[in-house]
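K.L.:
Here it is in structure tokens:
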């Protein structure tokens, strides 16, 4: 009986030590995670869970955006040039001023977008990974933050979000 109790305790301890690893997030874009943790998580929080009233969660809708050319462009322009003003995500309101991250390299921007879409989003449909050429194209057509906000409204409507 005592041996069985010791064995059960050892098995339970072993299972508990494995639990965090079993539920740990798989990261396919570690460079993107590093950029996200250093630049984005201050508002969007660790794991992209968002902050009520300030910054929307990034764990669902970016994956939906990434499947369409207009949505991809919106994500890229938002990171590059920032955005301000009120928005709604799933009937929750946010009013924030996201800064421009144009000082990041094209590779860093592609990596952080890939981290958000593929590592934080459970569903990303047929979206393909972002690449440096795509970021270069967005840089060639700069937008101000007001234009980024206005385009977002059209993208949300077009995607039925």
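In my numbering, the protein residues as written are 56 to 216.
For each residue, glycine too, the CB sits at the ideal point set by N, CA and C.
Small disclaimer: the values here were computed from a predicted structure and weren't measured.
(1) How far does the alpha helix (DSSP H) with residue 169 in it reach, from first residue to last?
(2) Quick one: what does DSSP say residue 183 is sitting in, helix, strand or coil?
(3) For residue 118, count neighbouring Cβ atoms within 10 angstroms of its own Cβ and tell me buried if that reaches 16, exposed if not.
(4) What runs of the beta strand (DSSP E), each 3 residues or longer, lie entirely inside the stretch 89-146?
(5) Given a cut-off of 9 angstroms, decide if residue 125 and residue 203 are closer than it, judged by their beta-carbon atoms.
(6) Identify which residue in 161, 212, 113, 205 has its Cα closest to the Cα of residue 237.
(7) Classify residue 151 as helix, strand or coil using the three-state DSSP reduction.
(8) So residue 131 packs on residue 153, CB below 8 angstroms; how close in whole Å?
(9) Would you say residue 108 reaches chain D, if we count a Cβ-Cβ gap shorter than 9 angstroms as a contact?
(10) Grouping DSSP H, G and I as helix and E and B as strand, with all else coil, what is residue 178?
(11) In terms of residue numbering, what span does the alpha helix (DSSP H) encompassing residue 210 cover?
(12) For residue 178 versus residue 127, is the C-beta spacing smaller than 9 angstroms?
(13) If you draw a straight line from the C-alpha of residue 146 to the C-alpha of residue 111, how long is it?
(14) Is the beta carbon of residue 114 closer than 9 angstroms to that of residue 169?
P.N.:
Reading from the atomic positions:
(1) It spans 161-169 - the alpha helix (DSSP H) in which residue 169 sits, taken as one unbroken run.
(2) coil
(3) Burial call: buried.
(4) Listed in chain order, they are 138-144.
(5) no
(6) It is not possible to answer for residue 237, since the shown part of the chain is limited to 56 through 216.
(7) strand
(8) No, residue 131 and residue 153 are not in contact; Cβ-Cβ is about 13 angstroms, not under 8 angstroms.
(9) Given the protein chain composition of this structure (a single chain), no chain D is represented.
(10) coil
(11) 200-214
(12) no
(13) 11 angstroms
(14) no
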